[in-house]
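Going by my numbering, the first residue of the sequence shown is number 40, and it counts up by one from there. From the three backbone atoms N, C-alpha and C, an ideal C-beta is built for every residue, glycine too. Step one of this worksheet: look at the structure below.
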Amino acid sequence: KHFDEDALKNEIGIGKSVLRRKFLAKCEEMAKEMDEFKKSYNIPPMLHSKLCKYGVVTMQLLCDAVDDKTKLESKFKIRNEDQCNLLWKLIQEAMFGQLGMQPIEEEKSDSE
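Rendered as structure tokens:
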């Protein structure tokens with residue numbers, strides 16, 4: 040833990056107790072999401088580290104940042120096709136799984 044109620048009150052200046060408790064609860068929730076993102080999705084450590092450098096530390100942040108597969112390369116400089124495929128699959132599962140829908144299949148080119 041990086042914060043406690045005293046630090047929030049005296050060092051940061053959050054005077055209202057209810058706001059300090061809400062802030063601490065949100066910090067705890069974020070820490071759990073970060074831990075889940077690191078441990079539960081089988082993202083290779085180097086790839087996870089690269090995403091963290093861009094501030095992507097939870098699945099929700101990844102889903103919010105990437106609405107199509109090409110953004111994995113353009114936003115996060117992920118050029119490895121296997122890594123792009125892994126992340127895109129995770130994003131689709133997270134997004135469509137919440138809606139009870141099936142992920143969109145990528146169109147195959149005529150040469151395949």
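Check	Outcome
CB contact flag (K89, F115, <8 Å)	yes
Rounded C-alpha distance that separates V96 from P84	12 Å
Coarse secondary structure for S88, derived from DSSP in three states	helix
Range covered by the alpha helix (DSSP H) that runs through K55	Per DSSP, K55 belongs to no alpha helix (DSSP H) and is neither H nor E.
Reduced DSSP category for T109 - H, G, I as helix; E, B as strand; rest coil	helix
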